[in-house]
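Asks: Residue numbers (the numbering used here), protein chains in the order written: chain A, 31 to 650; chain B, -11 to 328.
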Amino acid sequence: MPSNYHPFIWPFCIGALLLFGLLIVKFCRWLLHLDKIQRKQCLKNIISFKTVAAIWECLRECLFHRNIFRKNWVLGYMHLSFALGWFMLIVVGKAEASCYSHTFWEAPWLAIFFRFFENGSQDYFMPELFTFAMDFILAWILSGILLAWCKRLYSRLLGMRKTTRHTWYDRIGMTALWCIFPFRLLAESATAAIRQNGGWLTQTVGDWMSFLPVQSLELPLWWAYSSVLCIFFVCLPFTRYMHIFAEMLLIFLRKWGVVEGNRKSGYTECEANACSRCGICIDVCPLNTAAGFQNVQSVYFIRDLRQGRLTEEVTNNCLMCNRCVEACPVGVQSTLMRQIIRGEQKHNDSSKTFYDYLPERAGDCASAVTPDNVSDNNVMNGASATSDRNGISSPKVLYFAGCMTHLHPNIIQSMRRIFEAAQVDWHFLDEEKNLCCGRPLRQQGYHGQADQMQARIKQLIQSSGAELLVTSCPICYHSFKQEYNLEIKVMHHTEYLRQLLNEGRIRMKADQSRFAYHDPCELGRGEKIYEAPRELLQAIGTLCKVDQEKQDSICCGHSLANTVLSAAQKNQVRDEALQTLCADHPDYIVTACPLCKSAFKEGNRQQVADIAEIVSDHII
Amino acid sequence: MGQEIHTIIIGGGPAGLAAAIRLGRHHRVLILEKEAECGGKLNQWDKLFPDFEDAKTVRQTLLQRLPENVTVQTSANVTEVAQESGKWKVTLQNGETHIAPTLLLATGFEPFNAIRKEEYGYGIYPNVITSVELESMIAKGEILTREGKKPQSVAYIQCVGSRDEKVGNHFCSVNCCICAVKQSIEVKQLLPQANQFCFYMDLRMSGRNYEERYRESQEKYHVNFIRGRVSETSVTANNQILVKAEDTLLSRPIKMKVDLLVLMVGMEPSPSTRQFAEKLGISDPYGYFVSQNSETADNATVHKGLFVAGSAKRPMPVPQALKEGEAAACEIAGYLSDNL
Ligand code: SF4
Ligand code: SF4
Ligand code: SF4
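1) Which residue wins for smallest C-alpha separation from residue 164 of chain B, given the options B:145, B:214, B:157?
2) Please report how far the alpha carbon of residue 269 of chain B lies from the alpha carbon of residue 313 of chain A, in whole angstroms.
3) Give the residues from the stretch 92 to 109 of chain B that approach chain A closer than 8 Å (Cβ to any Cβ), ordered along the chain.
4) Compute the distance between the beta-carbons of residue 102 of chain B and residue 249 of chain B, then report whether it is under 7 Å.
5) Taking the beta strand (DSSP E) that residue 76 of chain B belongs to, which residues open and close that run?
6) For residue 602 of chain A, which residues in chain B fall below 7 Å Cβ to Cβ?
7) Could you check where the beta strand (DSSP E) with residue 99 of chain B kicks off and where it finishes?
8) Let me know the secondary structure DSSP gives residue 546 of chain A once reduced to three states.
9) What is the DSSP secondary structure of residue 622 of chain A, reduced to helix, strand or coil?
10) Can you give the beta carbon distance from residue 535 of chain A to residue 565 of chain A, rounded, assuming they're within the 8 Å contact cut?
11) At a threshold of 6 Å, does residue 351 of chain A count as lining ligand 4 (C-beta to nearest heavy atom)?
12) Reducing DSSP to helix, strand and coil, say where residue 551 of chain A ends up.
13) Between the alpha carbons of residue 466 of chain A and residue 501 of chain A, how many angstroms are there, rounded?
14) Compare the C-beta of residue 112 of chain B with all C-beta atoms of chain A and state if any pair is closer than 7 Å.
15) Identify the contact partners of residue 28 of chain A in chain B, using a Cβ-Cβ distance below 9 Å as the criterion.
16) By DSSP, does residue 323 of chain A sit in helix, in strand, or in coil?
17) Do we get a CB-CB distance below 7 Å when we pair residue 597 of chain A with the residues of chain B?
18) Show which residues of chain A have a CB atom less than 9 Å away from the CB atom of residue 138 of chain B.
19) Could you give the distance in angstroms between the alpha-carbon of residue 195 of chain B and the alpha-carbon of residue 25 of chain B?
20) Using the Cα positions of residue 197 of chain B and residue 78 of chain B, report the straight-line distance between them to the nearest angstrom.
21) List, in chain order, every chain A residue whose beta-carbon is nearer than 9 Å to that of residue 155 of chain B.
22) For residue 437 of chain A and chain B, any beta-carbon pair shorter than 7 Å?
23) Tell me where the alpha helix (DSSP H) around residue 499 of chain A begins and ends.
24) Thinking residue 19 of chain B and residue 0 of chain B are a contact (beta carbons under 8 Å), I'd like their distance in whole angstroms, please.
25) Determine which residues share a DSSP beta bridge with residue 72 of chain B and list them.
26) Whole angstroms are fine: how far does the CA of residue 129 of chain B sit from the CA of residue 172 of chain B?
27) Taking residue 229 of chain B as the reference, give the member of B:244, B:239, B:240, B:325 with the closest Cα.
28) Measuring alpha carbon to alpha carbon, tell me which of A:611, A:602, A:599, A:639 ends up nearest residue 579 of chain A.
29) Between residue 220 of chain B and chain A, is any beta-carbon pair separated by less than 7 Å?
30) By the DSSP assignment, the alpha helix (DSSP H) with residue 162 of chain A in it spans what residues?
31) Looking only at its chain, what residues have a beta carbon closer than 6 Å to the beta carbon of residue 241 of chain B, apart from the 5 residues adjacent to it on each side?
32) With a floor of 4 residues, list each alpha helix (DSSP H) that falls wholly inside the stretch 264 to 307 of chain A, ordered by position along the chain.
33) Using three-state DSSP, classify residue 187 of chain B as helix, strand or coil.
34) Exposed or buried, which one is residue 120 of chain A when buried takes at least 16 other CB atoms within 10 Å?
35) Distance check for residue 586 of chain A and residue 41 of chain A, CA to CA, integer angstroms please.
36) Report all residues from its chain with a CB closer than 7 Å to the CB of residue 573 of chain A; omit the five preceding and five following residues, and keep chain order.
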């Protein structure tokens, strides 16, 4: 055999060259498309410990798939065997080839087709060990492939109810991938049958094969192996497998502190490419489980986005409940991506909207109310608490009910009673002038408008001179925390009430009530507040068991973020949530969000209350 | 009862009574009324739109006209209705049963529970009341806020619990527009000083003298009708109600303080209506009865010998409920002569 060359290496080499060329082009494009702030972040952190941390995380996630393992170990094993297995095959193969040829600079394809070129000389470092290890790794990968086949055939086997529906070029890529290792096994075994150079696996298979005309099968098998490698490499940048490389870049960008901006950027594209279409997000989406939509989940939204065939309907049909984001092993922030894409689809022009009707200072809130001229009798005579305060010292606590809470006057009454019972020095910021935190606008993609609105409200909050901002609405809370960059401390009323209780400023009487607590999406998954409401409720009565709670809580279905669902479909989602909440027959369903409260109240005959109402009813 | 009953009527409201008056001339009829006296929601009402007819007089007239053949059993709580060998068997809570070849369900409606529209503050702010409560104030001739003062300003909100996707009631309750016109006239007569505002989505005035009264309420009684839905209410320190709405004709937001806020609650099927509709498989999406054909057999049902009438079918004003009862009586009489 002429040393180390045969024409069958060409498909492999061409494929690999094309792949790396395309990867470089894509990476450069994404990096160049980062916006100004994102680029600054990269430059600031590139030479720092963060880069080391990113490398470490790359190993952990891209090779070991730790996150998938945590969610589902069979699926984790499958991904691990592909990723780590293949990586090892390359590394160990390279080592073997280098040892064999006594140089680090041997032909790059030698490692890939080693068994074919190896001449039987054993004058290198531990040849048996290498042969054994290479066979072992191959067997391991093949076990993963077997699982993948099973997953396609019967996804429940791997603990998934729904697996992703792929496009035709994904299927080509996938078929090529699934063929690579079986072909390698067959090709190496054929060579082993002829030259007796196989290991425990390839030699055994080779011996079984020896009744076949192995002499004439050997070359075609090596050609086939090289060709499927080529097909896979060429397909890769256009298929889901691009995630292998995109995820690495994403990890680096994230570690350097890059976050999604208001517009589509290179980061968005990189994130879209980092989705492996594993399909984990399909089963957790309430729109799938309760309302039967199977084309809107993150995986399909991102796929359609990458393929340029995204419809507004798919973009808008999302509750932004973040169950998928919580479950995603790659941490793809698909809801933030949706916000951006919604903005692009709407082509809205924020320069035409004005929010100058909003008051400028906290003290103006009451007086800025327009007196109506329907009748003299009805002219506003100014709010009590607010106008008295003009010019007097600043309140300690600023209360922001939020526009959704205004639809639930009893929540506001309860907060009033609690503030009074605890003798808090407070000021009601949106008592008369309804203010919106701007987050609903942002969720719909109206970023310019949201920015304007939030700037006004921020000014209002800062000018109050208060030390603490308390809000009753998880949407406002999330917005204040994530979008406002406020200098003063912000608390949702659940946290604040717990603090009042712990400080002994309110006391509550306990009774026999049994509560089922519903975690609102924005408060739970959004802000990770799980314990405060539970501690409060346990101080009053007992908590019922709820099957899917905390980070797994099901959306009430009435999120403002979804503009597509009909009322009936929203109710299907709500009913799924109610079912889990009512399973243990609670006396009350308790939530901490006015939207959830409305949804659940209409949905059943059970008593539904906000946690502030429960606390206020039990104060002594 | 010695002889066999021909028809059992469940519900002694306008529809049930009107049917009994017609049928009772030639047939033996039993009315089962769950309250202590007949009359249905007429008992809760003072005057009727548009002619300010006294509801009590209407009720008296109906009762006086009941023929001898009609037996009325009050405080009769029907728990079960079933078809048994071609006849209808009705079981009361006390275990008593009645059997007849025909059964008329005239189980009526109940007012929408305004607590479900929390944004209007009913049950939270003392000075938010429903049209039912206002009616009894009008009947007493004294309209007072919770603090015992005469209100200087009164606002009405239409379509509370009707035409509202959120509460699941897409239908129009038919009676609340006219009720607002009627009550605002009566309030003005009792409180000449008061300013009145009525927030509506659109005003449905389609009967004899309806439009005329509406015009009168504006010209003579100076009621301000404002097109727009109220978004929410809040309370001021002295228990006035602050109403926030949008005037959709002028496209601008409105805020006003009023002393009394009246919610014109819609109509929902009564608990008995819901129960029988579901049990007998003749329920529409809201729990009202569905007739066999809304044009040609609007009092019959898919079950032989079972008839329905009145506001248990859909919201309707009193005169229509009376005619419903009479129409049902005709159908029942026809059925009885064909089948007995
Ligand atoms: S978004 Fe995340 S969970 Fe969904 S398919 Fe992509 S990687 Fe998997
Ligand atoms: S955010 Fe919620 S509704 Fe939207 S895709 Fe994810 S799981 Fe589904
Ligand atoms: S009658 Fe008038 S107030 Fe009543 S539901 Fe219909 S439109 Fe609304």
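Each residue gets a CB set at the ideal place from its N, CA and C atoms; glycine is no exception.
Replies: Looking at the atomic coordinates:
1) Here residue 164 of chain B corresponds to residue number 176 of the second sequence, with the count starting at 1. That would be B:145, whose Cα lies nearest to the Cα of residue 164 of chain B.
2) Looking up residue 269 of chain B in the second sequence gives position 281. Looking up residue 313 of chain A in the first sequence gives position 283. If I take the Cα positions, the gap works out to 36 Å.
3) 104, 106, 107, 109
4) Taking the first residue of the second sequence as position 1, residue 102 of chain B is located at position 114. Taking the first residue of the second sequence as position 1, residue 249 of chain B is located at position 261. Cβ distance not < 7 Å, so residue 102 of chain B and residue 249 of chain B don't count as in contact.
5) Taking the second sequence and counting its residues from 1, the one referred to as residue 76 of chain B is at position 88. Per DSSP, residue 76 of chain B belongs to the beta strand (DSSP E) from 75 to 80.
6) Residue mapping note: residue 602 of chain A aligns to position 572 of the first sequence, counting from 1. Those within 7 Å of residue 602 of chain A in chain B number zero; the least Cβ separation is about 13 Å.
7) To locate residue 99 of chain B, count along the second sequence from 1; it is residue 111. Start and end: 97 to 99.
8) Taking the first residue of the first sequence as position 1, residue 546 of chain A is located at position 516. Three-state result, residue 546 of chain A: strand.
9) Here residue 622 of chain A corresponds to residue number 592 of the first sequence, with the count starting at 1. Here residue 622 of chain A sits in coil by DSSP.
10) Residue 535 of chain A sits at position 505 when you count from the first residue of the first sequence. Residue 565 of chain A sits at position 535 when you count from the first residue of the first sequence. Actually they are not in contact, since the Cβ atoms of residue 535 of chain A and residue 565 of chain A sit about 15 Å apart, beyond 8 Å.
11) The model on display carries ligand 1, ligand 2 and ligand 3 but not ligand 4.
12) As a working mapping, residue 551 of chain A is identified with position 521 in the first sequence. Of the three classes helix, strand and coil, the one that applies to residue 551 of chain A here is coil, per DSSP.
13) Position 436 of the first sequence, counted from the first residue, corresponds to residue 466 of chain A. Position 471 of the first sequence, counted from the first residue, corresponds to residue 501 of chain A. Near 12 Å, if we compare the C-alpha coordinates of residue 501 of chain A and residue 466 of chain A.
14) Here residue 112 of chain B corresponds to residue number 124 of the second sequence, with the count starting at 1. It does: the Cβ of residue 112 of chain B has a partner Cβ on chain A nearer than 7 Å.
15) Outside the shown range of chain A, which is 31 to 650, sits residue 28 of chain A, and nothing can be said about it.
16) The sequence position of residue 323 of chain A within the first sequence is 293, counting from 1. Note: residue 323 of chain A maps to coil in three-state DSSP.
17) Taking the first residue of the first sequence as 1, we reach residue 597 of chain A at position 567. Answer yes: the Cβ-Cβ gap between residue 597 of chain A and chain B drops below 7 Å somewhere.
18) Residue 138 of chain B sits at position 150 when you count from the first residue of the second sequence. Per Cβ cutoff of 9 Å: no residues; residue 138 of chain B is ~13 Å from chain A at best.
19) Taking the second sequence and counting its residues from 1, the one referred to as residue 195 of chain B is at position 207. Taking the second sequence and counting its residues from 1, the one referred to as residue 25 of chain B is at position 37. Going from the Cα of residue 195 of chain B to the Cα of residue 25 of chain B covers about 30 Å.
20) The residue given as residue 197 of chain B occupies position 209 in the second sequence. The residue given as residue 78 of chain B occupies position 90 in the second sequence. Answer to the nearest angstrom: the Cα atoms are 41 Å apart.
21) Position 167 of the second sequence, counting from 1, holds the residue named residue 155 of chain B. Within 9 Å Cβ-Cβ: 632.
22) Your numbering for residue 437 of chain A matches position 407 in the first sequence. Output row for residue 437 of chain A: interface = yes.
23) Mapped onto the first sequence, residue 499 of chain A falls at position 469. Where residue 499 of chain A is concerned, there is no enclosing alpha helix (DSSP H), although the beta strand (DSSP E) it sits in stretches over 498 to 501.
24) Locating residue 19 of chain B in the second sequence gives position 31, counting from the first residue. Locating residue 0 of chain B in the second sequence gives position 12, counting from the first residue. Indeed, because the Cβ distance is near 5 Å, the residues count as touching under 8 Å.
25) Indexing the second sequence from 1 puts residue 72 of chain B at position 84. DSSP lists B:75 as partners of residue 72 of chain B.
26) Taking the second sequence and counting its residues from 1, one reaches residue 172 of chain B at position 184. Taking the second sequence and counting its residues from 1, one reaches residue 129 of chain B at position 141. Taking the straight line joining both Cα atoms gives about 13 Å.
27) Taking the second sequence and counting its residues from 1, one reaches residue 229 of chain B at position 241. Closest by alpha carbon: B:244.
28) Residue 579 of chain A sits at position 549 when you count from the first residue of the first sequence. When only C-alpha atoms are compared, the closest one is A:611.
29) Looking up residue 220 of chain B in the second sequence gives position 232. Yes, its Cβ sits closer than 7 Å to a Cβ of chain A.
30) Numbered from 1 along the first sequence, position 132 holds the residue referred to as residue 162 of chain A. Its alpha helix (DSSP H) spans residues 157 to 183.
31) The residue labelled residue 241 of chain B in the question sits at position 253 within the second sequence. Taken in chain order, the residues that qualify are 234.
32) 273 to 285, 296 to 304
33) Within the second sequence, the letter at position 199 stands for residue 187 of chain B. Strand at residue 187 of chain B.
34) Numbered from 1 along the first sequence, position 90 holds the residue referred to as residue 120 of chain A. It counts as exposed.
35) Here residue 41 of chain A corresponds to residue number 11 of the first sequence, with the count starting at 1. Here residue 586 of chain A corresponds to residue number 556 of the first sequence, with the count starting at 1. About 54 Å.
36) Numbered from its first residue, the first sequence carries residue 573 of chain A at position 543. Taken in chain order, the residues that qualify are 545, 547, 564, 567.
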